[in-house]
Amino acid sequence: MNLQYEVITADAMVHLDRVFTAEGSPNIAFIKYWGKRNDKLVLPYNSSISMTFAHEAMRTVTSILFTKKLKNDVFYLDGQKQNLENKDTAERFAVLDILRSAAKTEAKALVVSKNYFPTASGLASSASGIATLVFAANAALEIGLNEKEMSIIARQGSGSACRSLFGGIVVWKAGKRTDGKDSFALQVFERDYWPEIVDNIVVVSQDKKKTPSRLGMRQTVNTNPLFGVRTLSAERRLKLFKESYRRRDISGIAAHMMADSNEMHALMLSTVPSIRYLNPISYSLMDAVEELNENEGKIIAGYTFDAGPNANIVTVNKYQKKVMDMLKQFKEKGSVIYIKTSRVGDGPKLLGAEYSMINEDMLRPR
Ligand code: DP6
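The opening position of the sequence shown corresponds to residue 816 in the working numbering, with each subsequent residue numbered one higher.
Structure, rendered in structure tokens:
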């Protein structure tokens, strides 16, 4: 993994054996990232834009401690010790090596993380997990990186994670450079720019996804002749989306987000082998949102789907009751497991020592 930051610190600056705990939230992309121009550095073909969820609605809490007492890194996720020999986990965890070299330390890390939402169900758990990990480690290692610098490191663990280093509405700039230094996240609208916005996370399945995003993206880039038009189309739509958001225009942002979600899923469908994340309930939800908009005579809500069948349905306070009434039928039929509503939230923050999830036992060799 390449070292993108030369920061002059010494081991003496690192807080060894002291626990740092942070919380951060996932984000939902309205204009999506799907396809890398560099797999190792995680550089996307197109820029993307997202909203960071509020910590009260969806969050990851991570405690980290750097120590010379451990021979290897140790990672617990949701109470389960993770195998860091696993290629995917190791690749993502390598963000810690970037931070360690920046801090000029070889101390190992004990990381304990808990997601307050289902992991691997298309609800961007890797995004908040990696963003929160980078944020907590930056504090523990006293590196003093700012959010933009942390976003460059988080990006290398998981692309969408870079957007979770900021609150509000966030753009991940694709950048052009081959070394990735211009591919970072930045906040484009503050959390309170448009406080009426609400996102309803509609969970229809908690199953692990069939095709990991990483693999799916590679197949799309390598096999899909339609991929050529995606980059331009997404960049163009991102500008339009930002304009609508600037005007606080729900019809505009909803129309752009639905078009972008549909474009990405059409691209997935036409990949070889075909990748399909949506299920029949996802399609019924799309029908229901469109029907609601038709009945209103204007667009009052928009849907978007990531790499999974769960929907995000965005609206504004004024129409939230209509959206919930529409979703009630789905709940009654049992086709929706639960709905979580979130406003636009903040970026990661440090928590007090009382939130530590680390205990002495976890440091004992076994
Ligand atoms: C559909 O960020 O999970 O959610 O960079 O390979 O870790 P990697 O992929 P990841 O992909 C997210 C894809 C998406 C769209 C988005 O969030 O922009």
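Glycine included, C-beta positions come from ideal geometry on N, C-alpha and C.
Since we're looking at a predicted model, the values are computed, not measured.
(1) Are F835 and I879 close, meaning C-beta to C-beta below 8 Å?
(2) Under 8 Å by Cβ, that's how I've got V910 and Q971 pegged, so tell me the actual separation to the nearest angstrom.
(3) Measuring from the CB of Y848, is there a heavy atom of the ligand DP6 at a distance below 7 Å?
(4) By the DSSP assignment, the alpha helix (DSSP H) with M1083 in it spans what residues?
(5) Do L1142 and K884 have their C-beta atoms closer together than 8 Å?
(6) So, for S1085: in the same chain, excluding its five sequence neighbours on each side, which residues have a beta-carbon less than 7 Å away from its beta-carbon?
(7) Within 10 angstroms of the Cβ of Y1092, are there 16 or more other Cβ atoms? Answer buried if so, exposed if not.
(8) Only counting runs of 3 or more residues, tell me where the beta strand (DSSP E) segments fall wholly within the region 980–1060, in order along the chain.
(9) State yes or no: is the C-beta of D1075 nearer than 7 Å to some heavy atom of the ligand DP6?
(10) Between the region 894–905 and the region 977–993, are three or more C-beta pairs nearer than 8 Å?
(11) Assign S936 to one of two classes, buried (16 or more other C-beta atoms within 10 Å of its C-beta) or exposed (fewer than that).
(12) How is M1101 classed by DSSP in three states: helix, strand or coil?
(13) Looking only at C-alpha atoms, which of K851, I1114 and T1130 sits nearest to L1030?
(14) Leaving out the 5 sequence neighbours to the left and right, which residues in its chain are closer than 6 Å to E1011 when beta-carbon positions are compared?
(15) Out of A837, S1028 and E1111, which one is the CA nearest neighbour of M1083?
(16) Is any heavy atom of the ligand DP6 found at a distance shorter than 7 Å from the C-beta of V1013?
(17) Should N817 be labelled buried (16 or more other beta-carbon atoms within 10 Å of its own) or exposed?
(18) What's the C-alpha gap between A1081 and A1074?
(19) Any heavy atom of the ligand DP6 inside 7 Å of the beta-carbon of D1121?
(20) Nearest-angstrom Cα distance between L831 and E871?
(21) I'd like to confirm something about R1045: is its beta-carbon nearer than 7 Å to some heavy atom of the ligand DP6, or not?
(22) Give me, in chain order, the residues of the same chain whose beta-carbon lies closer than 6 Å to that of S1076; leave out the 5 immediate sequence neighbours on both sides.
(23) Just to confirm, are D1014 and V1129 a CB contact at a threshold of 8 Å?
(24) Can N1182 and K919 be called in contact, C-beta distance under 8 Å?
(25) Let me confirm a value: Q1144 is counted as buried when at least 16 other C-beta atoms fall within 10 Å, else exposed. Which label applies?
Let's see:
(1) Position 20 of the sequence shown, counting from 1, holds the residue named residue 835. Position 64 of the sequence shown, counting from 1, holds the residue named residue 879. In this structure, I879 lies closer than 8 Å to F835 by Cβ.
(2) Taking the first residue of the sequence shown as position 1, residue 910 is located at position 95. Taking the first residue of the sequence shown as position 1, residue 971 is located at position 156. Separation of the CB atoms of V910 and Q971 is rounded to 6 Å, and the pair is thereby assigned contact status at 8 Å.
(3) Within the sequence shown, residue 848 is the residue found at index 33, counting from 1. Within the cutoff, so yes.
(4) In the sequence shown, the residue the question calls residue 1083 occupies position 268. Taken as a continuous stretch (DSSP letters only), the alpha helix (DSSP H) holding M1083 covers I1065 to L1084.
(5) On the sequence shown, residue 1142 is found 327 positions in, with the first residue counted as 1. On the sequence shown, residue 884 is found 69 positions in, with the first residue counted as 1. In this structure, K884 does not lie closer than 8 Å to L1142 by Cβ.
(6) Residue 1085 sits at position 270 when you count from the first residue of the sequence shown. Correct list, in chain order: N1039 and L1041.
(7) Numbered from 1 along the sequence shown, position 277 holds the residue referred to as residue 1092. When all chains shown are included, Y1092 counts as buried.
(8) Annotation: the region 980–1060 contains the following complete segments of the beta strand (DSSP E) (minimum length 3 residues), in chain order: 984–987, 1000–1004 and 1012–1018.
(9) By one-based count along the sequence shown, residue 1075 stands at place 260. Checking every heavy atom of the ligand DP6 against the Cβ of D1075, none is found closer than 7 Å.
(10) No: fewer than three Cβ pairs fall under 8 Å.
(11) Here residue 936 refers to the residue found at position 121 of the sequence shown. In this prediction, S936 has a pLDDT of 49, which is less than 50 and means its spatial position is unreliable; nothing more can be read from the coordinates.
(12) Stepping through the sequence shown from its first residue, residue 1101 is reached at position 286. If DSSP states are grouped into helix, strand and coil, M1101 belongs with the helices.
(13) Against the sequence shown, residue 1030 aligns to sequence position 215. Checked all of K851, I1114 and T1130; the closest Cα to L1030 is K851.
(14) The residue you call residue 1011 lines up with position 196 of the sequence shown. Within the same chain, E1011 has close Cβ partners V1131 and N1132.
(15) Along the sequence shown, read from residue 1 onward, the residue named residue 1083 stands at position 268. Considering only alpha carbons, the answer is S1028.
(16) Stepping through the sequence shown from its first residue, residue 1013 is reached at position 198. No - the ligand DP6 has no heavy atom lying nearer than 7 Å to the Cβ of V1013.
(17) Along the sequence shown, one-based indexing puts residue 817 at 2. Here N817 scores only 44 on pLDDT, less than 50, and its place in the model is too uncertain to base an answer on.
(18) Taking the sequence shown and counting its residues from 1, the one referred to as residue 1081 is at position 266. Taking the sequence shown and counting its residues from 1, the one referred to as residue 1074 is at position 259. Approximately 10 Å between the Cα atoms of the pair.
(19) Here residue 1121 corresponds to residue number 306 of the sequence shown, with the count starting at 1. Yes, since a heavy atom of the ligand DP6 falls inside the 7 Å radius drawn around the Cβ of D1121.
(20) Residue mapping note: residue 831 aligns to position 16 of the sequence shown, counting from 1. Residue mapping note: residue 871 aligns to position 56 of the sequence shown, counting from 1. Computed Cα separation, rounded: 30 Å.
(21) In the sequence shown, the residue the question calls residue 1045 occupies position 230. Not so, every heavy atom of the ligand DP6 lies at least 7 Å from the Cβ.
(22) In the sequence shown, residue 1076 corresponds to position 261, counting from 1. Non-local C-beta neighbours of S1076 in its own chain, meaning closer than 6 Å and more than five positions away in sequence, comprise T1119 and F1120, ordered along the chain.
(23) Here residue 1014 refers to the residue found at position 199 of the sequence shown. Here residue 1129 refers to the residue found at position 314 of the sequence shown. Yes, the Cβ-Cβ distance between D1014 and V1129 is below 8 Å.
(24) The question about residue 1182 has no answer here: the residues shown for the chain are numbered 816 through 1181.
(25) For the purposes of this step, residue 1144 is taken as the residue at position 329 of the sequence shown. Flag for Q1144 reads exposed.
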